[in-house]
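**Q** Each residue of the sequence shown is one higher than the last, beginning at 417 in my numbering. For each residue, glycine too, the CB sits at the ideal point set by N, CA and C. Fair warning: this is a prediction, and the values are worked out from it, not measured in the lab.
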Amino acid sequence: MQKPPLRPLSVLAALGLLVALVLPADAQDGGSSRLHEFVPPDPNEDVRLAATTLDGNLPAALETPSGIATAPDPGKPPDPDHLYTGGTTDDGPESTYQPDRDTRQPDIENYDDPFSPSTAPFKRLRAYDSVDAGYVLKVDDKSTKLLPIGGAVDSTDESFYGDFSVELLPDDLVRIPTVGPGARVLKLHVSPDANVSLLKDGADNWFIRGSERKRVRVVMQLAIPRNTFGSQFAADVGFEDLGLHLPRFDHHAEQAKQVFTAIGISREMRPKEVVTKLVEYFRAFQPSNEPPKTHGDIYLDLALSKKGVCRHRAFAFLVTGLEIGIPTRMVVNEAHAWVEVFDGTLWHRIDLGGAALNLDQDQDPTRPPHQPPQDPYTWPENSEQSSGQQLADKDRNDLQPGQGGGSSSNPTDPNGSSAPPSPTGTDPSQPAPSNPDLPSSTVEVEIVDKTVRRGTALKVKGKVLQAGRGCANVRVDVVVKSADVTGRLIGSLSTDEDGAFEGTAVVPRDLAAGDYDVLVVTAGDKRCGAGASE
Numbered sequence: 417m418q419k420p421p422l423r424p425l426s427v428l429a430a431l432g433l434l435v436a437l438v439l440p441a442d443a444q445d446g447g448s449s450r451l452h453e454f455v456p457p458d459p460n461e462d463v464r465l466a467a468t469t470l471d472g473n474l475p476a477a478l479e480t481p482s483g484i485a486t487a488p489d490p491g492k493p494p495d496p497d498h499l500y501t502g503g504t505t506d507d508g509p510e511s512t513y514q515p516d517r518d519t520r521q522p523d524i525e526n527y528d529d530p531f532s533p534s535t536a537p538f539k540r541l542r543a544y545d546s547v548d549a550g551y552v553l554k555v556d557d558k559s560t561k562l563l564p565i566g567g568a569v570d571s572t573d574e575s576f577y578g579d580f581s582v583e584l585l586p587d588d589l590v591r592i593p594t595v596g597p598g599a600r601v602l603k604l605h606v607s608p609d610a611n612v613s614l615l616k617d618g619a620d621n622w623f624i625r626g627s628e629r630k631r632v633r634v635v636m637q638l639a640i641p642r643n644t645f646g647s648q649f650a651a652d653v654g655f656e657d658l659g660l661h662l663p664r665f666d667h668h669a670e671q672a673k674q675v676f677t678a679i680g681i682s683r684e685m686r687p688k689e690v691v692t693k694l695v696e697y698f699r700a701f702q703p704s705n706e707p708p709k710t711h712g713d714i715y716l717d718l719a720l721s722k723k724g725v726c727r728h729r730a731f732a733f734l735v736t737g738l739e740i741g742i743p744t745r746m747v748v749n750e751a752h753a754w755v756e757v758f759d760g761t762l763w764h765r766i767d768l769g770g771a772a773l774n775l776d777q778d779q780d781p782t783r784p785p786h787q788p789p790q791d792p793y794t795w796p797e798n799s800e801q802s803s804g805q806q807l808a809d810k811d812r813n814d815l816q817p818g819q820g821g822g823s824s825s826n827p828t829d830p831n832g833s834s835a836p837p838s839p840t841g842t843d844p845s846q847p848a849p850s851n852p853d854l855p856s857s858t859v860e861v862e863i864v865d866k867t868v869r870r871g872t873a874l875k876v877k878g879k880v881l882q883a884g885r886g887c888a889n890v891r892v893d894v895v896v897k898s899a900d901v902t903g904r905l906i907g908s909l910s911t912d913e914d915g916a917f918e919g920t921a922v923v924p925r926d927l928a929a930g931d932y933d934v935l936v937v938t939a940g941d942k943r944c945g946a947g948a949s950e
């Protein structure tokens, strides 16, 4: 069978950054071609994708306010070098947090990001909602209950993929990350197959429990109210209402009164105003090489000296918030700490700053950076540079496509606004076959749109066939190539039960002016061989 020609794509550098797709005469007459697609990360795009599924009944791609997120490979084996494990007190609901006086700003923190869009450095791993007499933070309600799996994305939600490896323990809990408070699991896939259940404690820490010791890869689709990441505290709620949601904790009333006075807050104010003042106060903290010891009380030393990095700010905020009557949690992972406050309806994530100067992570260029809503609170002058968001932005900018480098030993960038030629440095137009023993599949494609602009969607549809039969639920990747670009992924879709696919690929905003060929490739699966449109 004669193969159809590649589809030429002209990227123009004229005013308006027009990207014209010039089709040969046979294609303009309705002829089909072979194609594949992978959706590139573009956090400024809001492109609608066709609803398709991959193995594990996961959507092939998610349309999010941060751009297009493509599904992880559900069949990928667990990563032995990045395992969430259990077996210690710190891995279960009994975990505690001991505050410290080391207020120096760390230069670099290691970080592992399991989500797409990338939430770095805000992976929610450990949350504490109570404090004891010695200022040790803990979870008040340590009992666990099952997390339901299922449901749909609401109009006010954001959706994410989670992808991480776990070493399951027989009938024991292993702590796992989530994107934020109140998140829900819509889809779950475990590979290799294992009998697991998901649970959460009273501070919304998540755990996974297995029936046997086994290493597995967990891939899930999550949904969470977008306002969690940035919205105003409810104006109409009072302290009496919030008191119904306070945990049990040991009081430090006399110390708290001194901090209330320093901040200028009281229960005569509305809770919303109190939260605003708390955020302004604790965001104004500064790192210090001199540990605060004036009062001989770690809470007073930190809160009144206004010294400390992220964990000191979050700790002192939590104690202050609980004492005045605001349900508050401190959240911490290996790289950053922040707080959550509850207004009777919604838990709000609030970053207080004090982040490290740099992140060290194995970055994934296929994951768009999460773009939260506008921060409802102000930052003191120059303090925003220490925010977690600024840390993520800096880490992204330190590794632009084609530059290489970075602090990680295997640097890839989950926050990048555009993808390099491929995550592994290989040519994406020649994917490794899932099953090299199978004959090649035929990929037929029709490019629906005749003209697109850079940064907008190129609509494609077609079929993947093996010996004339449709290949169901296989991933297809759209790639552009030129004399200067070996191959660049610009989108991904999945076929339906009949082997058909229809959706969009976004032409990257940073694609250089010039002529490109468009082709589609697939690695196939256990039933269908790899195939390409060229």
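So is the beta-carbon of isoleucine 565 under 6 Å away from any non-hydrogen atom of the ligand GDP?
**A** With respect to the ligand GDP, the structure shown offers nothing to examine, as it has no ligands at all.
**Q** What's the C-alpha gap between leucine 615 and valine 757?
**A** Roughly 22 Å separates the two Cα atoms.
**Q** Which word fits serine 682, buried or exposed, when buried means at least 16 other C-beta atoms lie within 10 angstroms of its C-beta?
**A** So serine 682 ends up on the exposed side.
**Q** Residue range of the beta strand (DSSP E) that arginine 591 falls in?
**A** Its beta strand (DSSP E) spans residues 589-592.
**Q** Please give me, in chain order, every unbroken run of the beta strand (DSSP E) with length at least 3 that falls completely inside the stretch 770-805.
**A** Complete beta strand (DSSP E) runs here, min 3: 774-776.
**Q** Quick check on tyrosine 577: does DSSP put it in helix, strand or coil?
**A** In this structure, tyrosine 577 counts as strand in the three-state DSSP scheme.
**Q** If you pair each beta-carbon of the stretch 600-613 with each one of the stretch 660-674, do three or more pairs fall below 8 Å?
**A** Short answer: they don't touch.
**Q** Tell me whether alanine 429 sits in a helix, a strand or coil according to DSSP, three-state version.
**A** Confidence at alanine 429 is low in this model, with a pLDDT of 33, below 50, so its placement is unreliable and the value that follows should be read with caution. Looking at alanine 429 - three-state DSSP - the assignment turns out to be coil, as it is neither helix nor strand.
**Q** Can you give me the start and stop residues for the beta strand (DSSP E) that aspartate 893 sits inside?
**A** Its beta strand (DSSP E) spans residues 891-897.
**Q** Return the CA-CA distance between glycine 940 and alanine 946, expressed in angstroms with no decimal places.
**A** The straight-line gap from Cα to Cα measures roughly 4 Å.
**Q** Taking all protein chains shown into account, do 16 or more other C-beta atoms lie within 10 angstroms of the C-beta of aspartate 933, making it buried, or fewer, making it exposed?
**A** The residue is buried, with at least 16 neighbouring Cβ atoms inside 10 Å.
**Q** For leucine 909 versus valine 892, is the C-beta spacing smaller than 7 Å?
**A** Closer than 7 Å, so yes.
**Q** Figure out for me which residue from Thr782, Pro785, Asp780 and Ser803 has the closest Cα to the Cα of aspartate 791.
**A** Of the listed residues, the one whose Cα sits closest to aspartate 791 is Ser803.
**Q** If you check the beta carbons only, do valine 1031 and valine 880 fall under 7 Å apart?
**A** No answer is possible for residue 1031: the residues shown for the chain start at 417 and end at 950.
**Q** What does DSSP give as the partner residues of proline 586 in its beta bridges?
**A** According to DSSP, proline 586 bridges with Gly626.
**Q** Give every residue of the same chain whose Cβ lies closer than 6 Å to the Cβ of arginine 729, excluding the five residues on either side of it in the sequence, and list them in chain order.
**A** Closer than 6 Å at Cβ, skipping near neighbours: Phe698, Phe701, Leu768 and Gly770.
**Q** Suppose you measure from the CA of glycine 741 to the CA of valine 755; what does that come to, to the nearest Å?
**A** Those two C-alpha atoms are separated by around 15 Å.
**Q** Which residues in the same chain as leucine 854 place their Cβ atom closer than 7 Å to its Cβ, once the five residues preceding and following it in sequence are excluded?
**A** Result list for leucine 854: Gly940, Cys944 and Gly945, in chain order.
**Q** Confirm, please, whether the CB-CB distance from arginine 727 to leucine 751 is below 7 Å.
**A** The amino acid occupying residue 751 in the given sequence is alanine; leucine does not appear at that position. Contact: no.
**Q** Need the endpoints of the alpha helix (DSSP H) that threonine 692 sits in, please.
**A** Start and end: 687-699.
**Q** Check whether the Cβ atoms of aspartate 657 and glycine 737 lie closer than 7 Å to each other.
**A** The answer is no: Cβ separation not under 7 Å.
**Q** Glutamate 479 lies in the alpha helix (DSSP H); which residues open and close that run?
**A** No alpha helix (DSSP H) contains glutamate 479, which is instead part of the beta strand (DSSP E) from 477-480.
**Q** With a Cβ-Cβ cutoff of 7 Å, do threonine 794 and threonine 486 count as a contact?
**A** Cβ distance not < 7 Å, so threonine 794 and threonine 486 don't count as in contact.
**Q** Using alpha carbons as the reference points, say which of Thr504, Ile640 and Val635 lies closest to aspartate 570.
**A** Comparing Cα positions, the closest option is Ile640.
**Q** Kindly indicate which three-state DSSP category glycine 737 falls into: helix, strand or coil?
**A** Three-state DSSP puts glycine 737 in a helix.
**Q** Which of the three DSSP states, helix, strand or coil, is assigned to threonine 512?
**A** Of the three classes helix, strand and coil, the one that applies to threonine 512 here is coil, per DSSP.
**Q** Within its chain, find whatever has a CB closer than 6 Å to the CB of valine 725; leave out the 5 residues flanking it on each side and keep chain order.
**A** If we look at valine 725 and ignore the five residues flanking it on each side, its Cβ neighbours are Gln521, Pro703 and Gly770.
**Q** So who's on the other strand from arginine 542, going by DSSP bridges?
**A** Paired residue(s): Val748.
**Q** Under the three-state reduction of DSSP, which class applies to arginine 729: helix, strand or coil?
**A** Of the three classes helix, strand and coil, the one that applies to arginine 729 here is helix, per DSSP.
**Q** Please state whether the Cβ-Cβ distance between proline 509 and lysine 539 is less than 7 Å.
**A** Cβ atoms of proline 509 and lysine 539: not closer than 7 Å.
**Q** Counting along the chain, where does the alpha helix (DSSP H) carrying valine 675 start and finish?
**A** Looking at the DSSP string, the run of the alpha helix (DSSP H) that includes valine 675 is 669-679.
**Q** Considering only the beta carbon of each residue, do arginine 625 and serine 607 sit closer than 7 Å?
**A** Cβ atoms of arginine 625 and serine 607: not closer than 7 Å.
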